[in-house]
Amino acid sequence: MEKSDPAAVPPATPPAAELGWHDVTQWGVEGRAWTDRPRRRYFDRLPAAVESETRMLCDAHGKLSVWDMSRCSAGMMARFRSDATAVHVRYRLRNPGLAMLHMPATGVSGMDLYARDPAGAWRYVAGNQPAGQEVDMQIIEGLEPGDREFALYLPLYNGVESFEIGVPKEATFAGLSPRPNPIVFYGTSITQGGVASRPGMCHTAILGRRLDRPVLNLGFSGTGRMDPVIGELLTQVEAAAFVIECCGNMQPQQIRERCVPLVRQLRAAWPVTPIVLVEDRGFPNAWIVPAKAAYNRDNHAALREAHSQLQREAVPALHYIPGAQLYGGDAEGSTDNSHANDLGFMRMAEQMEPVLRAALT
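This is the structure in structure tokens:
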């Protein structure tokens, strides 16, 4: 056997002592709209001032609240520029539960690294596999030399209490400030990212990359119901567009009662900002389960009625996305006949992209 040429062996990634660490709170993350938090809650999605109100907005079982879900870092993304050939992350998770029965730790508690390619498009680089609440690990090494823009997506269903990015000390590094005017998504567990295999595969993240715009993910598992409390918070955000996809947590009568007032609430604050109403996804097994087919039919009809009323009121810049094909037509877009798998999220993005692109122009 020939001996390997030492000169041909790539150098090992520097140990932690030779890394430069950069606290992302020094320049900020996208997907964060309010700033009145204590330091350990920097990565919460809602302001501390609404804790008591949003604790009262609970799921059907009374176990989870909007506030509980808002403490997950879903949709947040830290951008930076570097010529590093290796990237490390060091962060502390809020909850010890790293995964769920139907969602891996890579999506619940992991981070996802993307970079712009030479043409300027966002491309996946690597993710990590957390094994505990204290995460200190390399995401990638051996990158092709060169200065480029990176983005790290934060966990979808866990909270983060601190977060640093590590690169070799000799590498250049510059944190990139959050871009203004996000696309704001308000919705359910699916909006939050359930149950993507990794944070970058949620449809909100996919659309953010395709449209090259910042995203504010206000998906609250089990509790996205067009509540006026959340509507008031939405009015505080100078958004590029508002995407309302709450129907999966609502019964048809709730949609009839709440959709029109929510749109009026947004319009009073933002007269011409695009508002996109999204029907609930069709249950993949509705083709063989009549009760689910009936729910989809009635739920979709309720949102269409609300949309028609708003059209009669001549509400401007109003857009609509049907739900029947959001996961595709072959029943393969879901993990559990409810939440999207990565295929389902990609299909959602493909259905939603042309509508959003038209709304934004």
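The opening residue of the sequence shown carries number 232 in the working numbering; numbering runs sequentially from there.
Positions of the beta carbon are idealized from the N, C-alpha and C atoms, including for glycine.
Considering just the uninterrupted stretch of the alpha helix (DSSP H) at alanine 336, what are its terminal residues? Along the sequence shown, read from residue 1 onward, the residue named residue 336 stands at position 105. Taken as a continuous stretch (DSSP letters only), the alpha helix (DSSP H) holding alanine 336 covers 336-339.
Kindly identify the DSSP beta-bridge partner or partners of threonine 395. Translated into positions along the sequence shown, residue 395 becomes position 164. It is glutamate, not threonine, that sits at residue 395 in the sequence shown. In the DSSP output, where bridge partners are listed per residue, glutamate 395 has Asp254 and Arg321.
Tell me the rounded alpha-carbon separation between glycine 559 and lysine 400. Reading the sequence shown from its first residue, position 328 is the one you call residue 559. Reading the sequence shown from its first residue, position 169 is the one you call residue 400. C-alpha separation (whole angstroms): 47 Å.
With distances taken between CB atoms, is the gap from histidine 314 to aspartate 367 smaller than 8 Å? As a first step, residue 314 must be located in the sequence shown, where it is residue number 83. As a first step, residue 367 must be located in the sequence shown, where it is residue number 136. According to the sequence displayed, residue 314 carries aspartate and not histidine. No. Outside cutoff.
Can you give the beta carbon distance from valine 415 to leucine 449, rounded, assuming they're within the 8 Å contact cut? By one-based count along the sequence shown, residue 415 stands at place 184. By one-based count along the sequence shown, residue 449 stands at place 218. Taking the Cβ atoms as the reference, valine 415 lies roughly 6 Å from leucine 449, within the contact range of under 8 Å.
When you compare only the Cα positions, how much space is there between threonine 566 and aspartate 573? Indexing the sequence shown from 1 puts residue 566 at position 335. Indexing the sequence shown from 1 puts residue 573 at position 342. Distance between the alpha carbons of threonine 566 and aspartate 573 is about 9 Å.
Opposite leucine 565 in the DSSP bridges: which residues? Within the sequence shown, numbered from 1, the residue matching residue 565 stands at position 334. Reading off the sequence, residue 565 comes out as serine, not leucine. In DSSP, serine 565 forms a bridge with Ala571.
Report yes if the C-beta distance between valine 339 and proline 386 is below 8 Å; otherwise report no. Here residue 339 is taken as the residue at index 108 of the sequence shown, counted from 1. Here residue 386 is taken as the residue at index 155 of the sequence shown, counted from 1. Cβ distance < 8 Å, so valine 339 and proline 386 count as in contact.
Report the rounded CA-to-CA distance for cysteine 433 versus glycine 251, giving the unit in angstroms. Reading the sequence shown from its first residue, position 202 is the one you call residue 433. Reading the sequence shown from its first residue, position 20 is the one you call residue 251. The straight-line gap from Cα to Cα measures roughly 30 Å.
Return the first residue and the last residue of the beta strand (DSSP E) that glutamine 369 is part of. One-based indexing of the sequence shown puts residue 369 at position 138. That run of the beta strand (DSSP E) goes 365-371.
How far does the alpha helix (DSSP H) with methionine 300 in it reach, from first residue to last? Position 69 of the sequence shown, counting from 1, holds the residue named residue 300. Segment 297-301, the alpha helix (DSSP H) holding methionine 300.
DSSP three-state label for phenylalanine 404, please. In the sequence shown, counting from the first residue as 1, residue 404 sits at position 173. The answer is strand: DSSP assigns phenylalanine 404 an E or B state.
CB glycine 390 to CB arginine 302, shorter than 8 Å? Along the sequence shown, one-based indexing puts residue 390 at 159. Along the sequence shown, one-based indexing puts residue 302 at 71. For glycine 390 and arginine 302, yes; Cβs fall inside 8 Å.
Quick one: is glycine 510 buried, meaning 16 or more other Cβ sit within 10 Å of its Cβ, or exposed? The sequence position of residue 510 within the sequence shown is 279, counting from 1. According to the sequence provided, residue 510 is glutamate. The question's glycine does not apply to it. By the 10 Å Cβ count, glutamate 510 comes out buried.
If I measure Cβ to Cβ from phenylalanine 451 and keep anything under 6 Å in the same chain, skipping five residues before and after, which residues do I get? To locate residue 451, count along the sequence shown from 1; it is residue 220. Cβ neighbours of phenylalanine 451 beyond the five flanking positions: Val297 and Met300.
How big is the Cα-Cα spacing for valine 356 and alanine 402? Taking the first residue of the sequence shown as 1, we reach residue 356 at position 125. Taking the first residue of the sequence shown as 1, we reach residue 402 at position 171. Spanning the two alpha carbons is a distance of roughly 18 Å.
By how many angstroms is the C-alpha of leucine 508 removed from the C-alpha of arginine 543? Taking the sequence shown and counting its residues from 1, one reaches residue 543 at position 312. Taking the sequence shown and counting its residues from 1, one reaches residue 508 at position 277. Near 16 Å, if we compare the C-alpha coordinates of leucine 508 and arginine 543.
Bridge-paired residues (DSSP) for isoleucine 421: Counted from its first residue, the sequence shown places residue 421 at position 190. The partner list for isoleucine 421 (beta bridge, DSSP) is empty, contrary to what the question assumes.
Residue range of the unbroken alpha helix (DSSP H) whose run includes glutamate 375: Counting from one through the sequence shown, the residue named residue 375 turns up at place 144. Neither: glutamate 375 is in no alpha helix (DSSP H) and is coded neither H nor E.
Helix, strand or coil at isoleucine 506 [DSSP, three-state]: Working through the sequence shown from its first residue, we reach residue 506 at position 275. Residue state, collapsed to three classes: strand.
Whole-angstrom Cβ separation of threonine 435 and cysteine 477, contact assumed at under 8 Å? Residue numbering aside, residue 435 sits at position 204 when the sequence shown is read from its first letter. Residue numbering aside, residue 477 sits at position 246 when the sequence shown is read from its first letter. Contact flag wrong, Cβ pair sits at about 14 Å.
Strand pairing of cysteine 289, partner residues [DSSP]: Start at 1 with the first residue of the sequence shown, and residue 289 comes out as number 58. Answer is Ser296.
According to DSSP, residues forming a beta bridge with glutamate 549: Reading the sequence shown from its first residue, position 318 is the one you call residue 549. According to the sequence shown, residue 549 is leucine rather than glutamate. BP columns for leucine 549 point to Ile506.
Using the three-state DSSP reduction, which class does tyrosine 355 fall into: helix, strand or coil? Taking the first residue of the sequence shown as position 1, residue 355 is located at position 124. In this structure, tyrosine 355 counts as strand in the three-state DSSP scheme.
Which residue comes first and which comes last in the alpha helix (DSSP H) that contains glycine 439? As a working mapping, residue 439 is identified with position 208 in the sequence shown. Unbroken alpha helix (DSSP H) run through glycine 439: 434-442.
What is the DSSP secondary structure of serine 313, counted as helix, strand or coil? Locating residue 313 in the sequence shown gives position 82, counting from the first residue. Strand, per DSSP.
First through last residue of the beta strand (DSSP E) which encompasses glutamate 476: What you label residue 476 is simply residue 245 of the sequence shown in a count that begins at 1. First-last of the beta strand (DSSP E) with glutamate 476: 472-476.
Classify glutamate 469 as helix, strand or coil using the three-state DSSP reduction. Residue mapping note: residue 469 aligns to position 238 of the sequence shown, counting from 1. Note: glutamate 469 maps to coil in three-state DSSP.
Between Gln556, Val426 and Glu463, which lies nearest to proline 278 when the distance is taken from Cα to Cα? To locate residue 278, count along the sequence shown from 1; it is residue 47. In terms of Cα proximity to proline 278, the closest of Gln556, Val426 and Glu463 is Glu463.
Going by C-alpha to C-alpha distance, which of Ser304, Ile506, Ala330 and Arg272 sits closest to glycine 262? Your numbering for residue 262 matches position 31 in the sequence shown. By alpha-carbon distance to glycine 262, the top candidate from Ser304, Ile506, Ala330 and Arg272 is Ser304.
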